[in-house]
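The sequence shown maps to residues 1 to 286 in UniProt numbering.
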Amino acid sequence: MQESKKSAILEFFGLILGCISMSVGINAFLKPHTIAPGGLSGLSVVLNKVTGIPVSVIMLIIGVPLVLLTFKIMGVKNSMKTLFGTLLFSFMVQATDGLSRMNLTHDALLSAIAGAVLIGLALGIMFKVDASTGGTDLIALILSKKFPNLKPTQFMSCLDGMVVISAGIVNRSIETALYSGLALFIIVKIADIVMEGFESSKAFFIISEKEEELRSAITSELDRGLTIINARGGYTNQNKDLFLVVLNNKRQENGLKKLVKRIDPKAFLIVTDVHEVLGNGFKEIE
Numbered sequence: 001m002q003e004s005k006k007s008a009i010l011e012f013f014g015l016i017l018g019c020i021s022m023s024v025g026i027n028a029f030l031k032p033h034t035i036a037p038g039g040l041s042g043l044s045v046v047l048n049k050v051t052g053i054p055v056s057v058i059m060l061i062i063g064v065p066l067v068l069l070t071f072k073i074m075g076v077k078n079s080m081k082t083l084f085g086t087l088l089f090s091f092m093v094q095a096t097d098g099l100s101r102m103n104l105t106h107d108a109l110l111s112a113i114a115g116a117v118l119i120g121l122a123l124g125i126m127f128k129v130d131a132s133t134g135g136t137d138l139i140a141l142i143l144s145k146k147f148p149n150l151k152p153t154q155f156m157s158c159l160d161g162m163v164v165i166s167a168g169i170v171n172r173s174i175e176t177a178l179y180s181g182l183a184l185f186i187i188v189k190i191a192d193i194v195m196e197g198f199e200s201s202k203a204f205f206i207i208s209e210k211e212e213e214l215r216s217a218i219t220s221e222l223d224r225g226l227t228i229i230n231a232r233g234g235y236t237n238q239n240k241d242l243f244l245v246v247l248n249n250k251r252q253e254n255g256l257k258k259l260v261k262r263i264d265p266k267a268f269l270i271v272t273d274v275h276e277v278l279g280n281g282f283k284e285i286e
């Protein structure tokens with residue numbers, strides 16, 4: 001019960017912080033140049049340019065019906081949570097609307113970067129605490145139910161692309177579309193960094209004829225653990241041991257490559273990026 005209460009408080013504050021950061025990014029940097037990096041907020045910026053209706057009002061007109069349409073899909077609890085996020089976000093956008101008339105910078109490129117960083121930070125924080133403000137992901141969810149052969153992410157990519165292109169059309173400038181695309185790219189990257197951190201991990205898969213010597217060197221010289229997987233060669237049909245070593249230290253990564261080359265220059269080595277590593281010796285499981 002205590003853990004559930006703590007999670008709800010974190011989610012609430014994360015949602016507020018995220019809504020403030022996104023609202024500032026939209027009004028202070030993106031809206032003045034009609035930069036629309038996808039999503040409901042980007043679509044609202046485009047429609048605001050065409051109709052003159054406030055961004056916050058457009059977000060409510062589109063966002064609230066979308067949440068109501070997905071009640072059966074998401075369930076009452078998640079739908080109510082998303083509805084609250086939609087209303088709060090619209091309120092924050094309206095509350096910070098004055099920033100769009102302050103002309104903080106006349107440089108569209110700097111505006112695209114600054115706005116994208118603020119929105120990326122906001123999305124990362126909200127993803128981290130499992131908060132939501134609805135938006136085009138709800139449209140993608142509805143469409144994926146109608147067309148089950150296509151994934152929601154595919155619909156989201158199409159919708160974001162259409163918003164980016166429409167920004168260039170209404171502003172009659174290909175540069176606006178390019179800035180919007182750049183902002184979308186930055187948003188995704190910043191959100192990923194907030195979610196996963198700056199840590200970079202790599203997984204090494206090693207096949208060697210000098211198995212015992214290599215195993216001993218990895219555990220003693222590098223002071224790292226490893227997992228031994230029973231494998232069989234598809235060409236030779238012979239049983240082999242496959243070593244799996246996961247490292248999150250650049251120096252150790254280079255050290256492992258040199259170690260393998262020293263012990264068995266003919267070893268077979270596969271190196272791949274690892275999305276996230278949790279557990280003993282790495283980041284704790286949250």
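A virtual CB, placed ideally from N, CA and C, is assigned to each residue, including glycine.
Every value quoted in this text rests on a predicted model; they were computed, and no experiment measured them.
Selection from I193, A183, V246 and S132 that minimises the alpha carbon distance to G38 = Here residue 38 corresponds to residue number 38 of the sequence shown, with the count starting at 1. Closest by alpha carbon: A183.
Express the C-alpha separation of A267 and K261 in angstroms, rounding to a whole number.
-> Taking the sequence shown and counting its residues from 1, one reaches residue 261 at position 261. Taking the sequence shown and counting its residues from 1, one reaches residue 267 at position 267. Cα-Cα distance, rounded: 7 Å.
For T86, which beta-bridge partners are listed by DSSP?
-> Locating residue 86 in the sequence shown gives position 86, counting from the first residue. Partner(s): none; T86 has no beta bridge.
Would you list, in sequence order, the uninterrupted alpha helix (DSSP H) runs of no fewer than 4 residues that lie entirely inside the UniProt domain "DUF2179" (224 to 279)?
-> 250 to 263
What residue range is occupied by the uninterrupted alpha helix (DSSP H) comprising S173?
-> On the sequence shown, position 173 is the one that residue 173 refers to. No alpha helix (DSSP H) contains S173, which DSSP labels as neither H nor E.
To which residues of the same chain is A131 closer than 7 Å at the C-beta, ignoring the five residues directly before and after it?
-> As a first step, residue 131 must be located in the sequence shown, where it is residue number 131. Once the five neighbours on either side are set aside, the close Cβ partners of A131 are E11, G14, L15, G18 and G85.
From N237 to N254, what distance separates their C-alpha atoms?
-> For the purposes of this step, residue 237 is taken as residue 237 along the sequence shown, with counting starting at 1. For the purposes of this step, residue 254 is taken as residue 254 along the sequence shown, with counting starting at 1. The straight-line gap from Cα to Cα measures roughly 31 Å.
Which residues bound the beta strand (DSSP E) around A203?
-> Taking the sequence shown and counting its residues from 1, one reaches residue 203 at position 203. S201 to I207 is the extent of the beta strand (DSSP E) around A203.
Kindly confirm or deny that the segment 183 to 195 and the segment 239 to 247 touch, where touching means at least three C-beta pairs closer than 8 Å.
-> no
How is the alpha helix (DSSP H) around N48 delimited, first residue to last?
-> Along the sequence shown, read from residue 1 onward, the residue named residue 48 stands at position 48. Counting along the chain, the alpha helix (DSSP H) containing N48 begins and ends at G39 to T51.
How close, in whole Å, do the beta carbons of K128 and M195 come, if the pair is a contact with beta carbons under 8 Å?
-> For the purposes of this step, residue 128 is taken as the residue at position 128 of the sequence shown. For the purposes of this step, residue 195 is taken as the residue at position 195 of the sequence shown. About 6 Å separates the two Cβ atoms, so the contact holds.
For V64, I'd like the list of residues in its chain whose CB is within less than 8 Å of its CB, leaving aside the five on either flank, ordered along the chain.
-> The count along the sequence shown starts at 1 and reaches residue 64 at position 64. So the list reads L83, T86 and L87, once near-sequence residues are dropped.
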